[in-house]
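Asks:
Protein chains in written order, with the numbering used here: chain A, 13 to 323; chain B, 2 to 202.
In structure tokens, the structure reads:
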């Protein structure tokens, strides 16, 4: 029985896994975060400036005090450097996309990843009332960019600093941690839906299609007489809760991955959560598509610590 | 000769120590994520079904798990947050509407992302108005919300260049009949006004 289960979940050996997943994580999250931040630029003042819908001093009163906000940082440095709030804001408005571009290029990858995460948390904390799922998943991805050796391949660091490639063993351990995190995320997301009866009777899907419908031109009223809301509700629960199981079985992996990608594309299309869906697709491709992609002829990876010493 | 042997040995042990540290930390990280997720699933379910949480569970999480340094750890690594979006239930969306001189106004934006974020803000506020609260700082929180409402009202007034001397801003829930209600013939969406504030020049 033990061998049977082992065989089902059998993963390719560490040396056979394609390390390009780290490039996918680094470039994917840097690019999407950059695009996401740029998408906010036309209305930046409405959200962050002193004339914003929620002015920074009001927002600051209830923010999470574990992490500073732009406003609180501004207040702290004002005694040392006499700058106005708009100048401080402009500084962060420029610095964040620049660090994301540096991360994308893999320039001083670890420091830029740490800086990107810090700035992302700072900015998110400054607009706590406006933050939603995408901000959390971006934080998760940026955090793993800080921890994993994501700058060791296809980066300026590798090109200029001649960084030694990480061992296959290390890459494999990082991948395992990342995969487990993604599995936990989906399992609990599915479980929480299962615990509420509205996902089990199709009511949540019905409400989503009417209250959060981004495609105003499509009328979903005809669905009331069909079992479609009920089926989509159960499909979502099963897809998410069974994710840790079926995504780890090599025979079902590509089908489950395709299912979850379609699920996120649907969220983007029907609910208008484009950036959220993009981040989730990147997390999925990083965890379960790229490591198993076959082409690895251009990727140099040391096999073990011993081989690194030999090198 | 000795140096040639020593350097690879130091390198090997440093790598080994790093690998061991990474393994220990990653196990802790996974346990942390699981425990946080378990609690949030439990907490959300209790809130949804209006059940009182078990005191020992609440004590464990509030006094131990959600306290520094774990709270810092959870915030900085993004491992201390729930993942169940739109669960256990999709709540009705919130809508902020301004009204002046018989005309209706909304907040104006140039991009879809800011519009999306503003709808998140509206939902935050409406949730705050709907949720039953037993906070000891209730009065203070209400005053804060009033301040927030007025700030939004001022912006809607200025953005839309209203000519009137006053503007009413209301916080509404956008309702839609349930599947059963719809099948029974009740097919009109509706707005429930939760709060209204008046802004005068």
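All C-beta atoms in this analysis are idealised placements derived from N, C-alpha and C, irrespective of residue type, glycine included.
May I ask you to report which of helix, strand or coil DSSP gives residue 143 of chain A?
Replies: coil
Asks: Run through DSSP, which three-state label would residue 320 of chain A get?
Replies: Any answer about residue 320 of chain A is weak, because its pLDDT of 45 lies below 50 and its placement is not dependable; what the coordinates show is given next. DSSP places residue 320 of chain A in helix when its eight states are reduced to three.
Asks: Report yes or no: is there a C-beta of chain B within less than 7 Å of the C-beta of residue 158 of chain A?
Replies: no
Asks: I want to see whether chain B comes within less than 7 Å of residue 112 of chain A, judged by CB atoms only; does it?
Replies: no
Asks: Kindly confirm or deny that the stretch 162 to 175 of chain B and the stretch 61 to 71 of chain B touch, where touching means at least three C-beta pairs closer than 8 Å.
Replies: no
Asks: Considering only the alpha carbon of each residue, which of B:179, B:76, B:186, B:196 lies closest to residue 223 of chain A?
Replies: B:179
Asks: List the residues of chain A that residue 45 of chain B touches, going by C-beta distances under 7 Å, in chain order.
Replies: 204
Asks: Where are the alpha helix (DSSP H) runs, 4 residues long or more, that stay fully inside the stretch 153 to 177 of chain A, in chain order?
Replies: For the stretch 153 to 177 of chain A, the full-length alpha helix (DSSP H) segments reaching 4 residues or more read 168 to 172 along the chain.
Asks: For the 8 Å Cβ check, are there 3 or more pairs between the stretch 49 to 69 of chain A and the stretch 97 to 109 of chain A?
Replies: As far as the Cβ criterion goes, the stretch 49 to 69 of chain A touches the stretch 97 to 109 of chain A, which means the pair count is three or higher.
Asks: Which residues, in order along the stretch 75 to 106 of chain B, keep a beta-carbon less than 8 Å from a beta-carbon of chain A?
Replies: 76, 77, 78, 79, 80, 82, 83, 84, 85, 86, 87, 88, 89, 90, 91, 93, 94
Asks: Are the C-beta atoms of residue 15 of chain B and some chain A residue less than 7 Å apart?
Replies: Nearest CB-CB separation between residue 15 of chain B and chain A: not below the 7 Å threshold.
Asks: Does the stretch 176 to 191 of chain B come close enough to the stretch 144 to 153 of chain B to have 3 or more Cβ pairs within less than 8 Å?
Replies: no
Asks: Measure from the alpha carbon of residue 58 of chain B to the alpha carbon of each residue in B:51, B:30, B:39, B:76, then state which is nearest.
Replies: B:39
Asks: Rank A:105, A:97, A:117 by C-alpha distance to the C-alpha of residue 41 of chain A and give the top, closest one.
Replies: Cα-wise, what sits closest to residue 41 of chain A is A:117.
Asks: Sorted by chain position, which residues of the same chain lie with C-beta nearer than 6 Å to residue 62 of chain B's C-beta, five sequence neighbours on each side aside?
Replies: 40
Asks: Distance, Cα to Cα, residue 185 of chain A vs residue 197 of chain A?
Replies: 19 Å
Asks: Flag residue 115 of chain A as yes if its beta-carbon sits less than 7 Å from any beta-carbon of chain B, otherwise no.
Replies: It does not; no Cβ of chain B falls within 7 Å.
Asks: In the DSSP output, what is residue 148 of chain B paired with across the bridge?
Replies: In DSSP, residue 148 of chain B forms no bridge with anything.
Asks: Starting from the beta carbon of residue 224 of chain A, find every residue of chain B whose beta carbon is closer than 8 Å, and list them in chain order.
Replies: 91, 94
Asks: Taking the runs of the alpha helix (DSSP H) that are 4 residues or longer, which of them lie wholly in the stretch 208 to 274 of chain A?
Replies: 209 to 212, 215 to 223, 240 to 253, 255 to 258
Asks: Note the first and the last residue of the continuous alpha helix (DSSP H) segment covering residue 79 of chain A.
Replies: Careful: residue 79 of chain A lies outside any alpha helix (DSSP H) and carries neither H nor E.
Asks: Could you pull out every residue in the same chain whose Cβ sits closer than 6 Å to the Cβ of residue 19 of chain B, ignoring the five residues on either side in sequence?
Replies: none
Asks: For a cutoff of 7 Å on Cβ pairs, would you count residue 215 of chain A as touching chain B?
Replies: yes
Asks: Using beta-carbon positions only, say whether residue 203 of chain A and residue 42 of chain B come within less than 7 Å of one another.
Replies: yes
Asks: By DSSP, does residue 208 of chain B sit in helix, in strand, or in coil?
Replies: In the structure as shown, chain B starts at 2 and stops at 202, and residue 208 of chain B therefore has no counterpart that could be examined.
Asks: Taking buried to mean at least 16 other C-beta atoms within 10 Å of its own C-beta, is residue 217 of chain A buried or exposed?
Replies: buried
Asks: Count Cβ pairs between the stretch 77 to 97 of chain B and the stretch 259 to 273 of chain A that sit closer than 8 Å; are there 3 or more?
Replies: no
Asks: So, is the C-beta of residue 106 of chain A closer than 7 Å to a C-beta in chain B?
Replies: no
Asks: What's the C-alpha gap between residue 37 of chain A and residue 294 of chain A?
Replies: Using only the alpha carbons, I get a separation of about 7 Å.
Asks: Can residue 79 of chain A and residue 137 of chain A be called in contact, C-beta distance under 7 Å?
Replies: yes
Asks: How should residue 229 of chain A be labelled, buried or exposed, when 16 other C-beta atoms within 10 angstroms of its C-beta is the threshold for buried?
Replies: exposed
Asks: Under a three-way DSSP split, which group does residue 106 of chain B fall into?
Replies: strand
Asks: Would you give the residue range spanned by the alpha helix (DSSP H) that residue 35 of chain A belongs to?
Replies: Taken as a continuous stretch (DSSP letters only), the alpha helix (DSSP H) holding residue 35 of chain A covers 32 to 51.
Asks: Just the Cα atoms here: how many angstroms apart are residue 143 of chain A and residue 275 of chain A?
Replies: 22 Å
Asks: Could you tell me the alpha carbon to alpha carbon distance between residue 109 of chain A and residue 130 of chain A, rounded to whole angstroms?
Replies: Cα-Cα distance, rounded: 13 Å.
Asks: State the CB to CB distance for the pair residue 72 of chain A and residue 81 of chain A, rounded to an integer number of angstroms; the pair is presumed to be in contact (CB under 8 Å).
Replies: 6 Å
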